[in-house]
Each structure stands twice: as structure tokens, then as C-alpha cells.
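For reference, the structure is listed below as C-alpha cells.
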Amino acid sequence: MSAVTADLIIQNGTIVSADASTVGSIAIKDGRVLAVGAAEAMPQARETVDVTGLHVLPGAIDVHVHFRDPGYPAKEDWASGTAAAAFGGVTTVFDMPNTIPPTGTAAILAAKHDIAASKACVDFGLYGLLGDDTIAHVPALIEGGVIGFKLYMGNTFGKIPSPSTGAMLEAFEVVAPTGKRISLHAETNSIMERRQERLAAAGRQDPLAHIASRPAVVAVEAVSRAAILAEWTGARIHILHISSAEELRPLREGKARGVDITGETCPHYLLLSTDDYHDLAGIIRVNPPVREARNREPLWAALTDGTIDLIATDHAPHTPEEKTRNDIWAVDCGFPGVETQMPLMLTEVNRGRMSICDYVRRSSYNPAKIWGLYPRKGGILPGSDADLAIVDLAREHTLYDKELQSRSKISPWNGRRIKGLPLHTLVRGRFVMKDRKLVDGMRGFGRSVHEIQNMPAPQPRNTDLTMQAIVGEAADRRVEHIA
Ligand code: NCD
Ligand code: ZN
């Protein structure tokens, strides 16, 4: 009998889960965690890396990135985007469908899978686009391996048309029995379009005109409506980029009614405010907008009490030229974030805003649970993928745009002091970032995670009243009548 030999041991770190942190070692074999425990209890290993004094976190799962590939190589691609993820301690990303062409058919999805698989150094999921004319493609998109669906209730970068409420209901009816989660850009298009037109006609071009066109009611109305449709159909939904205190009410009420609704916020809504428009101007133009400072405390409180389930980034890279135009309406919306989320949030951990365990719960454990990836992802347990962010909580550092891995070297965080930095990132047991350097030869190592499935059974409702059911019935009646 030969003793099992591990490939790698990560020795003497503080291993963090959503509930506890303990000093110990992690043995890794074939990309998975083999054992977690005291250094003396570890098996033989080919390689041992001592991480005394560092914290070992399950890699962050960023469920909201725009890697722009195919379509916008000047902004980002799968190589630069996943390099940025690796530097940010992010081991899995979910990529949005507003690429060119939008990810709305099985063929387009397959092509995107090929591109991502050839360039990515971290694992990934791909969203399928759920819109008026893609409802019929839902089964094929699921068959082709989407992690979930994205529905744009409001217009944003990429100008994907927002479906009518009627189309949205039908889309929810079709997705509900599949159990896939629908992530929503919850801003009501008709409200903000009308306001933007009036503001532009009145000659407003200043940065604050952006927020004036999209007050919180735009989001509140959308979240409420989405929650009602999810409740009726039993569809699972996720509210992306929660930006206002007011949205928390429909989110809380939906949860209290038993709607399968989850929510995310992003570092910029927790850390920035309208006070920053003066200096940052178009750089912080993002949808939904960074809002008044009074929203921040309620967002933090919601993150603490679990109303907001997770932290994502809405990593939305654009070029410096696209971000610095004088007319605010001509500035592309969004900025990179996948790389800076962890240092920014670890700084808040250091400030006592949340515990390191709470951070892991919001950055990794909850996303894994919500999309059915747990316990393969989202924790450091025997059998889990060895996706690790090894961080120095004591490291002080200044973020500079020019040092970003993202192709988009323009963000609101330029010059910001942080405390807490990922030093190494491992994906399935392999270093992809080591000592703040990208590891060579890892392009193409990233894999789609859609096959990992651990979701509770779907609970569709009102199935006798769906479009499918009524049209089917009417068709049957017509046939009977003719007969
Ligand atoms: C995103 C983008 O650029 O793709 N922009 C943004 O302002 N958030 C789109 C989006 O997530 O709405
Ligand atoms: Zn969005």
C-alpha cells in the first residue's frame, strides 16, 4: 500500500470559511482539496508552500463581469479580463451577454465558449441573453451550457432592447421550470429614457445629469415588478448592482413573501457617492448611477443582515477616450472592478466593517450556493476545487490605474490606499497569479462551470396559466371545434 501523495500543500495559513477561520494546511491533489488540517497531519507532497501569516480564502466568484469578447477588443478580452480576475483573487467569473453578437442563440454561445476556453486563466460561466426574441432559444441555450440568464429591464451599454412586461412574464414562465436563475438589470427603461431626452433637450450635459435621469425610483419600480413576476411564475431571480436604499424594501418584501430573489451590490455603491462626481466626472458614469451618500449606510446594513446576498463588481471596462468625453451622454457607462474588489473590501474588513468570514460569505460562499456550485466552489473542503485567494491582510498598497491588468486603464480607484492584498491565486490547484505576477502558460486553463449543478428542485407556479398553456389550450379547442 502506498501512501497518497499530494501535489501541493499550502502550509500554515489562516484558512477562512463563511463561518470560521483557523490556522492550518491544505493538501491538494488533481486540482481538488484532499485534506484540510494541522500541518503534521498532511500527507506527503511534491511541493509545499508556506503561507504563515497569510489568510487563505476560497477564491472570489464574481457573478457580474463584462469581458467584451467577442466584440470590443480595445476594451477587454478573455485574456486581459481573466488576468485582472487572477490579480484580484477572483477564481470564477460569470460573463454578461452584451458582447457582439449578444449571447442569444446556441451557436453564438458555443462560439463564445470556444473563445473563453482558449484564453481564460480562471473558471467562468456564460450568461444567456433573455429578451423578446430569445425566449424560443432558452432550451438550446441551457443545453449549450449557460450558467443562467440575463435580462435587461433597462437600456445600458450595448443598447440591448428591454423586453416589455408581457415578454418578461413569458420569459419567466419559460425559465421557471428549468431552475436557472435570471439576473436582472433592474432599471425601468421608459422612465429613464423619457427623463434623459428631456434633460438632453434642456441642454444638460454635466455628470450629475446622469443621475438626474435615473433616480432610485427607476430601480425601485423595476425590482418590485420583477419580484411580482417571479412570485407569480416561481422563477428564480437575482437583482444585479443594487445602488439605492429604496430598492432594499421590495427586495426584503420579496424575500419575506418567499420569492426566490437574491441581490448583489458593488464596491462603488458602498464606497463612492455623488460627492465624487466633481472630481471623477464621466469616470464614474455607470448604470445604475453612484448615488447620494445617504444610501451607503443602508446598503452596508443590508449586506450585514443578509438582505443583499453578495458582492459582485459589474466589471465594465472602456477606453480612457470613451470615459473622458465632455458630454456626459456620450460617455460609455461602467469601469473595471474585478481586480480591485478584494483589496477594497479587505480594507473594509481591516476597518471593522465586516469580519473576514462575512466577506467570504458574500464574495464566494453565497455566489456558489445561489448558482448551485457549492461545495465544488465557494469553500475549502475536502473534494472542493482548490480555488484559493491567498491574501496579506496587513499589506498596504496604493491602487493605480496604470498597473491594472485590465485593458481599461481608467477607474475611480486611481490613487486609493488599501490595506489587504491578494498575493497568490490558485485555480483548481494551479497558481495563476503568484507573488503579484501572472503565471505563464495558464491561458486556456479556465473552464466553464455550467456542469456543476447543485440546485434545489425548481418550483414553477401558475403553470396552467402560462402562455404555453393557454395558447396550447386554445389551439386544442380550435382543433376540437373543427372536428
Ligand atoms: C455595463 C457595460 O458597460 O456593459 N455598464 C454599466 O454601466 N454597468 C452594462 C451594465 O451592466 O448595465
Ligand atoms: Zn447592468
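So the sequence shown is residues 135 to 617, counted in the numbering used here.
Ideal Cβ placement from N, Cα and C applies to all residues, glycine included.
All figures in this text were calculated on a predicted structure; none of them were measured in a lab.
**Message:** Looking at the secondary structure, which residues open and close the beta strand (DSSP E) in which Y261 lies?
**Reply:** D257 to L263
**Prompt:** So what's P384 in DSSP terms, helix, strand or just coil?
**Reply:** helix
**Request:** Work out the CA separation of D519 and W366 for me, nearest whole Å.
**Result:** 37 Å
**Asked** Roughly how many angstroms lie between the CA atoms of V185 and H344, to the nearest whole one?
**Response** 46 Å
**Message:** Taking its Cβ as the centre, do 16 or more other Cβ atoms sit within 10 Å of V138, making it buried, or is it exposed?
**Reply:** Residue burial annotation: V138 is exposed, with fewer than 16 other C-beta atoms found within 10 angstroms of its C-beta.
**Item:** Any heavy atom of the ligand NCD nearer than 6 Å to the CB - residues listed
**Value:** H200, N232, T290, F291, G292, H319, V420, N421, D448, A450, C467 and G468
**Request:** Kindly provide the ranges of any beta strand (DSSP E) runs that are 3 or more residues long and lie completely inside the region 269 to 297, ordered along the chain.
**Result:** 282 to 286
**Message:** Quick check on the DSSP output: what are the complete beta strand (DSSP E) runs of length 3 or more inside the region 333 to 373, in order along the chain?
**Reply:** 370 to 373
**Asked** Taking 8 Å as the cut-off, does the CB of Y286 come closer than this to any heavy atom belonging to the ligand ZN?
**Response** Indeed, a heavy atom of the ligand ZN lies less than 8 Å from the Cβ.
**Message:** Could you compute how far the alpha carbon of V525 sits from the alpha carbon of Q330?
**Reply:** One alpha carbon belongs to V525, the other to Q330, and they sit about 43 Å apart.
**Prompt:** Is M135 helix, strand or coil when you go by DSSP?
**Reply:** Residue placement at M135 is poorly supported in this model, since its pLDDT is 42, which falls under 50; the coordinates still yield a value, given next. Looking at M135 - three-state DSSP - the assignment turns out to be coil, as it is neither helix nor strand.
**Request:** Tell me, please, which residues DSSP counts as bridged to T399.
**Result:** Partner residues in the beta bridge of T399, as assigned by DSSP, are I445.
**Request:** Return the first residue and the last residue of the beta strand (DSSP E) that H558 is part of.
**Result:** R550 to V561
**Residues sharing a beta bridge with D184, DSSP** = Q145
**Item:** Minimum length 3: unbroken beta strand (DSSP E) runs contained in the region 464 to 524
**Value:** none
**Prompt:** If K568 sits next to R529, beta carbons under 8 Å apart, how far is it from one beta carbon to the other, in whole angstroms?
**Reply:** Wrong, their Cβ atoms sit about 15 Å apart, outside the cutoff.
**Request:** Check the C-beta distance from G278 over to V472 and give it rounded, since I have them as a contact under 8 Å.
**Result:** About 24 Å; that fails the 8 Å criterion.
**Those residues which DSSP pairs with H319 across a bridge** = Y286
**Item:** Environment of Y534 [buried if 16+ CB atoms lie within 10 Å]
**Value:** So Y534 counts as exposed.
**Message:** Looking only at its chain, what residues have a beta carbon closer than 6 Å to the beta carbon of M135, apart from the 5 residues adjacent to it on each side?
**Reply:** Its pLDDT being 42, under 50, M135 is placed unreliably by the model, and nothing is read from it.
**Prompt:** What are the partner residues of I162, as DSSP defines its beta bridges?
**Reply:** L142 and V167
**Request:** Throw me the rounded Cβ distance for the G288 and P594 pair, which I believe falls under 8 Å.
**Result:** Their Cβ separation, rounded to whole angstroms, is 26 Å, which puts G288 and P594 out of contact at 8 Å.
**Request:** Report yes if the C-beta distance between H198 and S317 is below 9 Å; otherwise report no.
**Result:** Yes; because the gap between Cβ atoms is below 9 Å, this pair is in contact.
**Request:** Could you pull the start and end residues of the beta strand (DSSP E) that L191 belongs to?
**Result:** Counting along the chain, the beta strand (DSSP E) containing L191 begins and ends at H189 to P192.
**Request:** Taking T438 as the reference, give the member of T474, Y493, Q178 and H412 with the closest Cα.
**Result:** Y493
**Request:** Inspect the beta-carbon positions of S159 and Q145 and report whether they are closer than 9 Å.
**Result:** yes
**Prompt:** What three-state label does DSSP hand D394 in the structure shown?
**Reply:** Three-state result, D394: coil.
**Item:** Exposed unless 16 or more other CB atoms sit within 10 angstroms - verdict on I242
**Value:** buried
**Asked** Rounded to a whole number of angstroms, what is the C-alpha to C-alpha distance between T618 and E537?
**Response** The shown model of the chain, from 135 to 617, leaves out residue 618, and the question about it has no answer.
**Opening and closing residue of the beta strand (DSSP E) in which K568 lies** = First-last of the beta strand (DSSP E) with K568: R564 to K568.
**Asked** Does the ligand ZN have a heavy atom nearer than 8 Å to the CB of L260?
**Response** Flag unset: Cβ of L260 not near the ligand ZN.
**Request:** Sort A220, R202 and G205 by Cα distance to I195 and report the nearest one.
**Result:** For the options A220, R202 and G205, the alpha carbon positioned closest to that of I195 is the one of A220.
**Residues sharing a beta bridge with Q178, DSSP** = T139
**Prompt:** At what residues does the alpha helix (DSSP H) containing T438 begin and finish?
**Reply:** From DSSP, the alpha helix (DSSP H) with T438 extends over R430 to D439.
**Item:** DSSP beta-bridge partners of I195
**Value:** T226
**Asked** Cβ atoms of G580 and K253: under 9 Å apart, would you say?
**Response** Their beta carbons are under 9 Å apart, which means K253 touches G580 by this criterion.
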